[in-house]
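For the protein sequence lines, the chains are A and B, in the order given.
Numbering-wise (numbering that gives the first Met the number 0), the first sequence opens with residue 0 and increments by one.
Numbering-wise (numbering that gives the first Met the number 0), the second sequence opens with residue 0 and increments by one.
Working notes, beginning with the structure itself.
There are 2 protein chains.
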Amino acid sequence: MAERFADGFVAVDWGTTNRRTWLVDAAGVAGAEASDDRGILACADFPAAVAQLRDRAGGRPVLMAGMIGSNRGWREVPYVAAPATLAMIAAAVTWVEPGFGIVPGVSFVDGTLADVMRGEEVQLLGAAALAAADADGLVCHPGTHTKWVEMEGGAIARFRTVMTGDVFAALAHKSILSDLLAHDAPVDDSFLAGVDHALANNDLTAELFAARARVVLGRAEAVHAASYVSGLLIGSDVRTGLGRLRADVVPVLGTPVLTARFAAALTRAGRTAVEHDGDAAFIAGMVAIAGAL
Amino acid sequence: MAERFADGFVAVDWGTTNRRTWLVDAAGVAGAEASDDRGILACADFPAAVAQLRDRAGGRPVLMAGMIGSNRGWREVPYVAAPATLAMIAAAVTWVEPGFGIVPGVSFVDGTLADVMRGEEVQLLGAAALAAADADGLVCHPGTHTKWVEMEGGAIARFRTVMTGDVFAALAHKSILSDLLAHDAPVDDSFLAGVDHALANNDLTAELFAARARVVLGRAEAVHAASYVSGLLIGSDVRTGLGRLRADVVPVLGTPVLTARFAAALTRAGRTAVEHDGDAAFIAGMVAIAGAL
Chain A
0 MAERFADGFV AVDWGTTNRR TWLVDAAGVA GAEASDDRGI LACADFPAAV AQLRDRAGGR
60 PVLMAGMIGS NRGWREVPYV AAPATLAMIA AAVTWVEPGF GIVPGVSFVD GTLADVMRGE
120 EVQLLGAAAL AAADADGLVC HPGTHTKWVE MEGGAIARFR TVMTGDVFAA LAHKSILSDL
180 LAHDAPVDDS FLAGVDHALA NNDLTAELFA ARARVVLGRA EAVHAASYVS GLLIGSDVRT
240 GLGRLRADVV PVLGTPVLTA RFAAALTRAG RTAVEHDGDA AFIAGMVAIA GAL
Chain B
0 MAERFADGFV AVDWGTTNRR TWLVDAAGVA GAEASDDRGI LACADFPAAV AQLRDRAGGR
60 PVLMAGMIGS NRGWREVPYV AAPATLAMIA AAVTWVEPGF GIVPGVSFVD GTLADVMRGE
120 EVQLLGAAAL AAADADGLVC HPGTHTKWVE MEGGAIARFR TVMTGDVFAA LAHKSILSDL
180 LAHDAPVDDS FLAGVDHALA NNDLTAELFA ARARVVLGRA EAVHAASYVS GLLIGSDVRT
240 GLGRLRADVV PVLGTPVLTA RFAAALTRAG RTAVEHDGDA AFIAGMVAIA GAL
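Structural data, given as structure tokens:
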């Protein structure tokens with residue numbers, strides 16, 4: 000790492016609803032995670048929130064990634080256009096004030112395709128640094144907005160977002176499915192049936208209703224509908240994410256509860272999924288970026 | 000009509016959020032619509048709400064259809080299994096008390112397919128009575144839950160529900176798209192682009208996010224995103240509804256603002272859409288049911 004990182008630094012994953020911070024030492028080893036609910040939407044006063052970080056940092060640099068760099072964050076940081084390398088992303092870190100840098104997101108445009116990410120780029124670079132993802136290949140990052148990323152030569156070359164978690168939450172919040180989606184949605188036979196249906200069909204908004212109709216008609220139990228709907232959405236996600244790519248082994252990067260769901264769906268699609276902890280990848284990515292500054 | 004309908008009757012479309020009533024004379028001609036917000040979810044006291052109807056009816060029979068016959072309504076009325084004829088539906092009208100009949104919904108099961116309707120069956124029978132729909136053919140009934148119905152010999156033979164309006168409303172209410180979906184969504188070039196995309200692809204939950212990414216990247220205007228998303232969902236609906244059926248001419252039954260959107264999408268799919276007013280079909284359907292009692 001550069002001289003100013005000689006005493007380590009603070010890595011911040013500053014998202015929409017939460018903020019998570021780690022103190023990373025000069026060897027790149029992270030201490031315990033500290034998290035709070037000062038996500039950007041709950042944060043009216045960025046200077047005050049940053050002052051709090053400054054106290055924690057004790058003079059060390061602070062590297063932030065995620066929605067903190069969006070137009071609703073502390074400072075809007077322009078996207079780096081894909082294909083985006085570690086060096087390009089590090090060079091575009093924006094120092095809002097001395098010692099406080101925001102990592103840029105990545106954009107992708109190809110014909111009518113257009114996509115953006117903010118935060119996931121750090122985990123992707125971290126996965127590459129940890130050799131958890133090949134320099135060339137497909138990586139899945141499941142979440143509220145799942146990212147399917149094609150890496151080329153260690154760069155983020157192309158990607159597509161699928162808003163699976165967001166759609167599930169919206170339906171659970173307010174739709175004819177709300178009652179059913181209040182149940183737990185374990186990875187079980189109903190989940191796999193939903194995955195299988197979505198992998199083989201193109202009728203998502205109809206099959207969502209069928210999940211309820213089967214319960215109404217006594218052909219399925221209400222407690223299984225949430226798993227089926229989760230399977231439908233994740234199966235659709237996987238089908239779209241894999242596209243026409245020949246990817247036999249797919250690293251899945253994120254929180255264990257989500258990577259397990261997507262690994263199950265990828266297995267159903269005949270692929271080998273390899274799960275990786277997203278936090279470890281985030282730290283590794285921040286260390287890689289700090290090292291490239 | 001039977002003797003007890005000699006002075007006409009009151010037709011009630013009693014749904015989840017609204018209740019609409021018409022006084023229909025002995026010749027089957029309806030007076031002005033009266034509507035209120037006493038939908039079943041707002042109605043804690045059905046006897047009181049029914050007493051109000053009784054005053055309006057002045058001794059005439061009251062025929063009710065819609066969610067009033069669901070497990071959240073006044074009395075749960077079992078579904079008639081498709082294929083369902085006018086005679087079968089009329090025979091299954093449930094008289095909750097003298098003079099107050101609830102028209103049953105229709106269910107459809109075929110292998111793993113399962114579906115239900117409550118209320119639309121009246122419009123479908125009415126369209127057949129009006130010769131607005133052929134005795135054999137596909138009918139589209141767009142809405143919160145669009146129904147695509149295959150009529151055979153005047154009976155409701157098979158159908159599939161697509162929860163288009165419900166998904167749009169859920170995304171508008173609470174998702175990353177909420178801000179964009181607060182705009183009007185006219186039937187314009189953006190709408191048609193969404194329809195075209197959905198007719199040709201199988202990536203709905205990804206393309207929904209792309210609608211936002213294009214705005215973020217300055218490749219589309221925020222005011223056009225709602226039309227594009229509406230087009231994506233309605234295009235998916237039409238693609239699913241048409242399925243593998245050879246239907247060159249498709250009657251579209253419902254409220255004019257909705258039938259226009261679906262007619263535009265069907266035209267894009269190379270079909271001839273013929274729009275019909277859903278209220279007229281509802282009255283005709285209730286008259287047909289009354290006549291069969």
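In this text, a Cβ means the ideal position worked out from N, Cα and C, and glycines have one as well.
Keep in mind it's a predicted model, so treat the numbers as computed, not measured.
Item to complete: Would you mind sorting Gly7 of chain A into buried or exposed? The rule is 16 or more other CB atoms within 10 Å of its CB.
Response: Walking along the first sequence from the start, residue 7 of chain A turns up at place 8. With 16 or more Cβ atoms within 10 Å of its Cβ, Gly7 of chain A is classed as buried.
Practice prompt. Give the DSSP-derived three-state secondary structure of Pro185 of chain B in the structure shown.
Written response: Looking up residue 185 of chain B in the second sequence gives position 186. Coil at Pro185 of chain B, not helix or strand.
Discussion item. Just to make sure I have the definition right: I need the residues of chain B whose C-beta is within less than 9 Å of the C-beta of Ser235 of chain A. Which are they?
Written reply: Taking the first sequence and counting its residues from 1, the one referred to as residue 235 of chain A is at position 236. Ordered by position in chain B, the residues that pass the 9 Å Cβ test against Ser235 of chain A are Asn201, Asp202, Leu203, Thr204, Ala205.
Fill in: Beta-carbon proximity list for Thr163 of chain B, same chain, < 7 Å, skipping 5 on both sides
Here residue 163 of chain B is taken as the residue at index 164 of the second sequence, counted from 1. Around Thr163 of chain B: Thr145, Leu232, Ile233, Asp236.
Fill in: Integer Cβ distance of Val61 of chain A from Val9 of chain A, believed to fall under 8 Å
One-based indexing of the first sequence puts residue 61 of chain A at position 62. One-based indexing of the first sequence puts residue 9 of chain A at position 10. 5 Å between Cβ atoms; contact.
Item to complete: Give the DSSP-derived three-state secondary structure of Gly175 of chain A in the structure shown.
Response: The residue given as residue 175 of chain A occupies position 176 in the first sequence. Looking at the sequence provided, one finds Ile at residue 175 of chain A rather than Gly. Correct three-state label for Ile175 of chain A: coil.
Fill in: Thr93 of chain A at chain B interface by Cβ criterion, 9 Å
Against the first sequence, residue 93 of chain A aligns to sequence position 94. With 9 Å as the cut-off, Thr93 of chain A does not count as an interface residue toward chain B.
Worksheet item: Of all the options B:Ala168, B:Ala134, B:Phe107, B:Ala219, which has the alpha carbon lying nearest to the alpha carbon of Gly110 of chain A?
Response: As a first step, residue 110 of chain A is located in the first sequence; it is residue number 111 there, counting from the start. For Gly110 of chain A, the nearest C-alpha among the options comes from B:Ala219.
Fill in: Segments assigned alpha helix (DSSP H), at least 4 residues, entirely inside the segment 42–89 of chain B
45–56
Worksheet item: So, Gly253 of chain B versus Gly100 of chain B, is the Cβ gap smaller than 9 Å?
Response: Position 254 of the second sequence, counted from the first residue, corresponds to residue 253 of chain B. Position 101 of the second sequence, counted from the first residue, corresponds to residue 100 of chain B. At least 9 Å separates the beta-carbon of Gly253 of chain B from that of Gly100 of chain B.
Worksheet entry | 7 Å Cβ shell around Arg117 of chain A - same chain, five flanking residues per side excluded | As a first step, residue 117 of chain A is located in the first sequence; it is residue number 118 there, counting from the start. The residues are Gly65, Met66, Gly68, Ser69, Gly104.
Discussion item. Once DSSP output is grouped into helix, strand and coil, what is the label at Pro250 of chain B?
Written reply: In the second sequence, the residue the question calls residue 250 of chain B occupies position 251. Look at Pro250 of chain B here: in three-state DSSP terms it is strand.
Discussion item. Please list, in chain order, the residues of the segment 172–188 of chain A that have any C-beta partner in chain B closer than 7 Å.
Written reply: His172, Lys173, Ser174, Ile175
Worksheet item: Count the other CB atoms within 10 Å of the CB of Pro46 of chain A; is the residue buried (16 or more) or exposed (fewer)?
Response: As a position in the first sequence, residue 46 of chain A is number 47, starting the count at 1. Result: exposed.
Practice prompt. Could you pull out every residue in the same chain whose Cβ sits closer than 7 Å to the Cβ of Arg267 of chain B, ignoring the five residues on either side in sequence?
Written response: Locating residue 267 of chain B in the second sequence gives position 268, counting from the first residue. Closer than 7 Å at the Cβ level, and outside the excluded window around Arg267 of chain B, lie Leu191, Val194, Asp195, Leu198.
Practice prompt. Spatial neighbours of Ala127 of chain B within its chain, please: CB distance less than 6 Å, with the 5 preceding and 5 following residues excluded, ordered by chain position.
Written response: Along the second sequence, read from residue 1 onward, the residue named residue 127 of chain B stands at position 128. Gly153.
Worksheet item: By Cβ distance, which residues of its chain are closer than 7 Å to Asp247 of chain A, with the 5 residues on each side in sequence left out?
Response: Within the first sequence, residue 247 of chain A is the residue found at index 248, counting from 1. So the list reads Arg270, Thr271, once near-sequence residues are dropped.
Worksheet item: What residues from the segment 145–171 of chain B come within 8 Å of chain A, judged by C-beta to C-beta, listed N to C?
Response: Arg159, Thr160, Val161, Met162, Thr163, Asp165, Val166, Ala168, Ala169, Leu170
Fill in: Sub-9 Å separation of Arg159 of chain B and Ala210 of chain A beta-carbons
One-based indexing of the second sequence puts residue 159 of chain B at position 160. One-based indexing of the first sequence puts residue 210 of chain A at position 211. Contact flag unset, no.
Worksheet item: Measuring CA to CA, which of B:Met150, B:Ala132, B:Leu207 is closest to Val166 of chain A?
Response: Start at 1 with the first residue of the first sequence, and residue 166 of chain A comes out as number 167. Among B:Met150, B:Ala132, B:Leu207, the Cα nearest to that of Val166 of chain A belongs to B:Leu207.
Item to complete: Whole angstroms is fine: what's the gap from Arg19 of chain A's alpha carbon to Ala181 of chain B's?
Response: Working through the first sequence from its first residue, we reach residue 19 of chain A at position 20. Working through the second sequence from its first residue, we reach residue 181 of chain B at position 182. Answer to the nearest angstrom: the Cα atoms are 31 Å apart.
Discussion item. Would you say Val102 of chain A lies against chain B (beta-carbon separation less than 9 Å)?
Written reply: On the first sequence, residue 102 of chain A is found 103 positions in, with the first residue counted as 1. Cβ-Cβ to chain B under 9 Å: no for Val102 of chain A.
Worksheet item: DSSP on Met116 of chain B, reduced to helix/strand/coil?
Response: In the second sequence, the residue the question calls residue 116 of chain B occupies position 117. Of the three classes helix, strand and coil, the one that applies to Met116 of chain B here is strand, per DSSP.
Worksheet item: Can you tell which of A:Thr258, A:Ala259, A:Ile88, A:Leu257 has the C-alpha that lies nearest to the C-alpha of Ala289 of chain A?
Response: Here residue 289 of chain A corresponds to residue number 290 of the first sequence, with the count starting at 1. Residue A:Ile88 is the option with its Cα nearest to Ala289 of chain A.
Practice prompt. Return helix, strand or coil for Glu32 of chain A, following the three-state DSSP convention.
Written response: Against the first sequence, residue 32 of chain A aligns to sequence position 33. Coil.
Worksheet item: Is Asp188 of chain A near the ligand ADP, with its Cβ less than 8 Å from a heavy atom?
Response: Judged by which ligands are present, the structure shown has none, so any question about the ligand ADP falls away.
Discussion item. Given this structure, state the Cα-to-Cα distance separating Ile175 of chain A from Leu179 of chain B, to the nearest angstrom.
Written reply: Locating residue 175 of chain A in the first sequence gives position 176, where the first residue counts as 1. Locating residue 179 of chain B in the second sequence gives position 180, where the first residue counts as 1. Each residue's alpha carbon lies about 23 Å from the other.
Worksheet item: Among B:Ala130, B:Ile155, B:Asp54, B:Val215, which one has its Cα closest to the Cα of Tyr78 of chain B?
Response: Translated into positions along the second sequence, residue 78 of chain B becomes position 79. Among B:Ala130, B:Ile155, B:Asp54, B:Val215, the Cα nearest to that of Tyr78 of chain B is on B:Ile155.
Practice prompt. Provide the residue span of the beta strand (DSSP E) that contains Met162 of chain B, from first to last.
Written response: The residue given as residue 162 of chain B occupies position 163 in the second sequence. Segment: none, Met162 of chain B is in no beta strand (DSSP E) and carries neither H nor E.
Discussion item. Which residues does DSSP list as the beta-bridge partners of Ile101 of chain A?
Written reply: Residue 101 of chain A sits at position 102 when you count from the first residue of the first sequence. Ile101 of chain A is bridged by DSSP to A:Met63, A:Thr93.
Fill in: Between the CA atoms of Gly38 of chain B and Thr15 of chain B - distance to the nearest angstrom
If you number the second sequence from 1, residue 15 of chain B lands on position 16. If you number the second sequence from 1, residue 38 of chain B lands on position 39. Cα-Cα distance, rounded: 5 Å.
Worksheet item: Relative to the alpha-carbon of Asp35 of chain B, which residue among B:Gln51, B:Val108, B:Gly277, B:Leu112 has its alpha-carbon at the smallest distance?
Response: Locating residue 35 of chain B in the second sequence gives position 36, where the first residue counts as 1. Here the closest residue by C-alpha is B:Gln51.
Worksheet entry | Check whether Gly301 of chain B and Val249 of chain B have beta carbons under 9 Å apart | A question about residue 301 of chain B goes unanswered here, because the residues of chain B that appear run from 0 up to 292.
Fill in: Collapsed DSSP secondary structure at His223 of chain A in the structure displayed
Numbered from 1 along the first sequence, position 224 holds the residue referred to as residue 223 of chain A. The answer is helix: DSSP assigns His223 of chain A an H, G or I state.
Worksheet entry | Simplified DSSP assignment, three categories, for Arg245 of chain B | Indexing the second sequence from 1 puts residue 245 of chain B at position 246. Arg245 of chain B falls in the coil class under three-state DSSP.
Worksheet item: Between Arg213 of chain A and chain B, is there a C-beta pair that is closer than 9 Å?
Response: Position 214 of the first sequence holds residue 213 of chain A. For Arg213 of chain A, the answer is yes, since a Cβ of chain B falls inside 9 Å of its Cβ.
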